[in-house]
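Here the structure comes first, spelled out in structure tokens, and everything after it is commentary.
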Amino acid sequence: MSTAPPTPSRPPAARLLPRMPDWASRNFTLLTSAAFITSLGSHGALIAAAFAVLEHGGDAGDVGLVAAARTIPLILFLLVGGAVADRLPRHRVMVAANLLNCLSQAAFAVLVLAGSPLLWQMMLLAALGGTGQAFFSPAAEGMLMATVDRRNASKAFAVFRVTMNGATIGGAALGGAMVAVIGPGWVLAVDAAAFAVSAGLRTLLDLSGMPRRAPGGDLLADLRDGWREALARPWFWSIVAQFSVVVAVVGAAESVYGPLVARDHLGGPAPWGFALAAFGVGTVVGAVVMMRWQPRRLLLAGTLSVFTLALPSAALAVPLPALGLAGVMFVSGLAIEVFGVAWITTMHQEIPEEKFSRMSAYDWLGSIGMVPLATALAGPAESAFGRSNALWGGAVLIVLVTAAVLFVPEVRTMTRRPPEAEAAEDAGTPEESGPAAEPGPVPAVDTVTGAGAGAVVTAATSVPAPAPEPGSDAADSEGAARRDG
1 MSTAPPTPSR PPAARLLPRM PDWASRNFTL LTSAAFITSL GSHGALIAAA FAVLEHGGDA
61 GDVGLVAAAR TIPLILFLLV GGAVADRLPR HRVMVAANLL NCLSQAAFAV LVLAGSPLLW
121 QMMLLAALGG TGQAFFSPAA EGMLMATVDR RNASKAFAVF RVTMNGATIG GAALGGAMVA
181 VIGPGWVLAV DAAAFAVSAG LRTLLDLSGM PRRAPGGDLL ADLRDGWREA LARPWFWSIV
241 AQFSVVVAVV GAAESVYGPL VARDHLGGPA PWGFALAAFG VGTVVGAVVM MRWQPRRLLL
301 AGTLSVFTLA LPSAALAVPL PALGLAGVMF VSGLAIEVFG VAWITTMHQE IPEEKFSRMS
361 AYDWLGSIGM VPLATALAGP AESAFGRSNA LWGGAVLIVL VTAAVLFVPE VRTMTRRPPE
421 AEAAEDAGTP EESGPAAEPG PVPAVDTVTG AGAGAVVTAA TSVPAPAPEP GSDAADSEGA
481 ARRDG
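With UniProt numbering, letter number 74 in the sequence shown gets 74, and the count goes up by one each step, no holes.
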């Protein structure tokens with residue numbers, strides 16, 4: 001009989017996805033699994049909601065109103081959601097947001113299946129869904145990156161993005177087919193069930209060994225503190241400002257001009273659908289690339305990739321034939337993943353964990369805040385300047401704002417910390433070793449000194465809070481510890 005010790009295996013809850021890397025903790029796998037399920041359902045539900053409006057007497061304007069009803073509360077409540085996620089245990093915020101989305105989508109499904117949804121009812125339920133996302137998204141980013149050590153943060157986010165991009169492509173394709181076969185009401189019901197399953201998975205997170213974050217002041221004080229933190233980092237606010245323009249231009253090109261160009265020059269919606277699918281494939285490839293490539297100058301590599309996001313607008317302005325447009329969309333999809341992984345890795349490295357959700361909320365708000373304005377102005381801009389000139393203007397604008405960001409020294413010089421420094425910080429933070437200190441002023445953080453390849457990035461660790469008593473709610477907070485479930 002063999003005396004060799006048994007090979008350790010992952011807990012059953014961690015087997016919801018294909019084999020994960022060795023560094024992927026049980027918590028990371030649970031969060032990624034839950035996000036995959038939610039995204040798969042949500043992308044199908046977006047199609048279902050539009051067809052639900054159309055099938056019950058609505059027109060394109062009504063579809064836009066329902067979409068706007070979801071976006072407006074998302075913008076309004078993002079900062080509040082970020083502050084709340086830094087005050088309360090993030091997993092509880094995520095579960096509560098999932099349940100809100102579950103209930104709103106279930107009600108939407110019931111109305112559609114009953115055959116009598118009114119426009120204001122659909123708008124109200126869409127607004128509840130946007131509110132849930134406003135609280136969920138900042139908490140989710142902070143929680144995900146707290147489940148892996150800093151050395152593997154880049155790989156972790158790349159794996160997460162591969163999973164999410166796969167869900168985006170699969171969800172849209174599956175959702176469209178399901179709407180055709182079983183109708184939009186049942187697709188909305190499936191999405192509600194997906195939110196319920198995701199909430200259940202997130203309740204299985206093991207947070208027993210993670211200390212509480214230091215308590216903050218009132219909600220307005222936390223919002224002001226987050227604003228000060230954002231302004232104190234030129235690399236952060238300059239890139240957020242850059243992306244407020246980039247995302248607005250890309251959003252207008254893809255949601256307004258792309259379908260019009262496809263109709264007038266490419267033969268209909270099929271070539272545009274093919275181009276969007278190529279973009280999705282590019283995002284998957286980009287995430288795979290970032291699992292292996294770890295650029296030393298994170299922000300420089302990410303920012304240089306953003307220049308390619310001007311290509312879709314330029315391709316539509318020409319316009320390129322369908323195959324050329326698909327190639328451009330593939331490249332831009334790859335590039336946005338290179339930036340995305342570099343960006344989240346930089347935030348994980350440079351921003352104190354207890355303030356991560358607030359900073360994430362400012363990032364989200366900056367990214368989407370101008371999209372409604374850009375899509376609303378796309379039509380008037382076409383009338384005033386012509387479609388081709390409007391598209392070329394958008395492409396030039398992306399190039400200009402991206403070039404401007406390169407004048408920020410930290411964007412050019414900030415470097416990835418060496419693995420040994422990350423290992424030392426993960427193993428020796430005050431939260432994980434030594435006696436608890438009394439709360440005090442938090443020192444200045446994330447100062448970048450020097451220039452060029454020798455730039456030195458230093459970050460002060462946060463002041464630890466007193467250890468929570470066993471059995472208290474505080475003992476369930478996730479805090480700053482990076483550990484394997």
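Here a beta-carbon is modelled for each residue, glycine too, at the ideal position from N, C-alpha and C.
Query                                                                                                                                    : Result
Beta carbon of residue 53 nearer than 9 angstroms to that of residue 242                                                                 : no
CB contact below 9 angstroms: residue 57 versus chain C                                                                                  : Given the protein chain composition of this structure (a single chain), no chain C is represented.
Span of the alpha helix (DSSP H), counted from its first residue to its last, around residue 297                                         : No alpha helix (DSSP H) holds residue 297; DSSP gives it neither H nor E.
Which of helix, strand or coil DSSP assigns to residue 149                                                                               : coil
Local conformation of residue 89 per DSSP, three classes                                                                                 : coil
Extent of the continuous alpha helix (DSSP H) to which residue 228 belongs                                                               : 219-231
Three-state secondary structure (DSSP) of residue 75                                                                                     : helix
Beta-carbon contacts of residue 63 that lie in its chain and below 7 angstroms, excluding the five residues immediately before and after : 50, 53 and 54
C-beta atoms of residue 310 and residue 395 nearer than 9 angstroms                                                                      : yes
The alpha helix (DSSP H) enclosing residue 26, as first and last residue numbers                                                         : 26-55
Close beta carbons around residue 155, own chain, < 6 angstroms, minus the five adjacent residues each side                              : 291
Residue 118 - DSSP class collapsed to helix/strand/coil                                                                                  : coil
Pick from 115, 189, 96 and 31 that is closest to residue 46, judged by C-alpha positions                                                 : 189
Inter-stretch contact at 8 angstroms, needing at least 3 Cβ pairs: the region 387-402 / the region 309-323                               : yes
Supposed close pair residue 203, residue 95 - CB separation, criterion 8 angstroms                                                       : 6 angstroms
Those runs of the alpha helix (DSSP H) which lie wholly inside the region 316-395 and span at least 4 residues                           : 322-350, 356-368 and 371-385
Residue 303 in three-state terms, based on DSSP                                                                                          : helix
Close Cβ partners of residue 401 (< 7 angstroms) along its chain, the five nearest in sequence each way excluded                         : 242, 245 and 246
The region 274-291 / the region 318-338 touching (three or more Cβ pairs under 8 angstroms)                                              : yes
Nearest to residue 301 (by Cα), restricted to the options 267, 284 and 338                                                               : 338
Range of the contiguous alpha helix (DSSP H) that encloses residue 410                                                                   : 409-413
Close-in-space but distant-in-sequence residues of the same chain around residue 385 (CB under 8 angstroms, 5 per side omitted)          : 393
Backbone secondary structure at residue 267 - three-state DSSP                                                                           : coil
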